[in-house]
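Below: one structure, written as structure tokens.
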Amino acid sequence: MNTTKPGDELAVELSQISVKYQQLELFSRLDFALPQQQITAVIGESGCGKSTLLKLINGLVAPTSGSIRLFGQAQTQPFNNTTRRGIGYAVQQIGLFPHLNAFENIALLAKLDNWQQTEIEQRVSYLADCMGLTITLLERYPHQLSGGQAQRVGLCRSLMVKPAVLLLDEAFSAVDPITRKEVHDRFLQLHQEEPRAVLLVTHDMREAVKIADKIAVMQEGKIVQHGAVSTVTAQPANDYVARLIKDHI
Ligand SMILES: Nc1ncnc2c1ncn2[C@@H]1O[C@H](COP(=O)(O)OP(=O)(O)OP(=O)(O)O)[C@@H](O)[C@H]1O
Ligand SMILES: [Mg+2]
């Protein structure tokens, strides 16, 4: 994926996107853009379409109409492999390969891309350290990991080949509050070192405020407010956003 097009500031641009699941028209002419090198949090009640938004961006769900541009390039369905490789994706349910240990799960894509072994080891150890995973944990198989540990392995895996876009679907949710705070801090540090476009789905407004530059609030398939964290928290666009902020901060 070309990430260096001059003058092109958007990593992702969804224009007039509609999505239908059988009878359910989830999105109707939705517009959404993700700036490069910034973290955007998506928040909204269960079933409003947050995961579907992420799946549109990585090509797992095809829109019924509308267009998707990544770094200025219009995408056709299905997305090609190079495009998919440029999009890291970590989900709440993790989906690690059971027959590979944590290290092998994290390293898989780099191996497929023929990275040198020393390069792989350096990158895995950098990411594992960032997520607070010890060497002993890296030798374990998924069934030997706790939910929070497995989730952090999934996060490392999504970051392994330095994707230009990172999609996190409740990817910190299984981590206990103290570890989560550390992971947040390390994630922000990593973001300073390797800035990329991040879209983070969360139910936790505090997490959104701490980590994100921007917040998008969704309600029933619509983005009801999208702006800088300070704007959304200071000037909520409707009662729903106001309640979200009041109840969670
Ligand atoms: N493959 C599918 N087929 C039919 N309906 C679907 C499908 N995937 C999602 N939906 C429906 O689309 C709506 C949005 O789902 P989505 O998973 O995007 O919600 P969400 O905002 O991520 O919710 P949650 O916070 O519970 O994860 C829901 O009503 C869901 O039941
Ligand atoms: Mg979801």
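If you read the sequence shown in this note's numbering, its first letter stands for residue 66, the second for the next number, and so on. The C-beta atom is built at its ideal place from N, Cα and C for all residues, glycine as well.
C-beta atoms of N179 and L203 nearer than 9 Å: Your numbering for residue 179 matches position 114 in the sequence shown. Your numbering for residue 203 matches position 138 in the sequence shown. Their beta carbons are not under 9 Å apart, which means N179 does not touch L203 by this criterion.
Residue from P100, K115, S80 and T105 with nearest C-alpha to E285: Taking the first residue of the sequence shown as 1, we reach residue 285 at position 220. The shortest Cα separation from E285 among P100, K115, S80 and T105 belongs to K115.
Near ligand 1: E110 beta-carbon under 8 Å from a heavy atom: Your numbering for residue 110 matches position 45 in the sequence shown. Flag set: Cβ of E110 near ligand 1.
For P207, the first and last residue of its enclosing alpha helix (DSSP H): As a working mapping, residue 207 is identified with position 142 in the sequence shown. Looking at the DSSP string, P207 is not in any alpha helix (DSSP H), and its letter there is neither H nor E.
Closer than 7 Å: residues whose CB approaches a heavy atom of ligand 2: K115, S116, D234, E235 and V266
Exposure label - Q290; buried when at least 16 CB within 10 Å: As a position in the sequence shown, residue 290 is number 225, starting the count at 1. Per the 10 Å Cβ criterion, buried.
Straight-line gap, P260 to A307 (C-alpha atoms, nearest Å): Here residue 260 refers to the residue found at position 195 of the sequence shown. Here residue 307 refers to the residue found at position 242 of the sequence shown. So the two alpha carbons sit approximately 30 Å from each other.
Check: C113 C-beta below 8 Å from any heavy atom of ligand 1: Position 48 of the sequence shown, counted from the start, is the residue given in the question as residue 113. Answer for C113: yes, Cβ within range of ligand 1.
For Q103 and A76, the rounded distance between their alpha carbons: Here residue 76 corresponds to residue number 11 of the sequence shown, with the count starting at 1. Here residue 103 corresponds to residue number 38 of the sequence shown, with the count starting at 1. The straight-line gap from Cα to Cα measures roughly 10 Å.
As assigned by DSSP and simplified to three states, the class of P71: In the sequence shown, counting from the first residue as 1, residue 71 sits at position 6. Since pLDDT at P71 reaches only 46, below the 50 mark, its modelled position is unreliable, and the value read off the structure follows with that caveat. Of the three classes helix, strand and coil, the one that applies to P71 here is coil, per DSSP.
Beta-carbon spacing of E235, V282 below 9 Å: As a first step, residue 235 must be located in the sequence shown, where it is residue number 170. As a first step, residue 282 must be located in the sequence shown, where it is residue number 217. No; because the gap between Cβ atoms is not below 9 Å, this pair is not in contact.
Touch test, the segment 126-133 against the segment 160-175, Cβ-Cβ under 8 Å, three pairs minimum: no
Any non-hydrogen atom of ligand 1 closer than 8 Å to H291 Cβ: Residue 291 sits at position 226 when you count from the first residue of the sequence shown. No.
Residues bridged to D234 [DSSP beta-bridge criterion]: Locating residue 234 in the sequence shown gives position 169, counting from the first residue. D234 is bridged to V156 and V266.
Y86 CB to nearest heavy atom of ligand 1 below 8 Å: Indexing the sequence shown from 1 puts residue 86 at position 21. Yes - ligand 1 has a heavy atom lying nearer than 8 Å to the Cβ of Y86.
Other residues of its chain near V297: CB distance less than 6 Å, five sequence neighbours each side excluded: Locating residue 297 in the sequence shown gives position 232, where the first residue counts as 1. Contacts found: I280 and Q290.
Span of the alpha helix (DSSP H), counted from its first residue to its last, around A307: Counted from its first residue, the sequence shown places residue 307 at position 242. Taken as a continuous stretch (DSSP letters only), the alpha helix (DSSP H) holding A307 covers D304 to H313.
Contact under 9 Å by Cβ, T244 with G213: The residue you call residue 244 lines up with position 179 of the sequence shown. The residue you call residue 213 lines up with position 148 of the sequence shown. Result yes, Cβ atoms of T244 and G213 sit closer than 9 Å.
beta-carbon M283 near ligand 1 non-hydrogen atom, thresh 8 Å: Here residue 283 refers to the residue found at position 218 when the sequence shown is read from its first residue. Yes.
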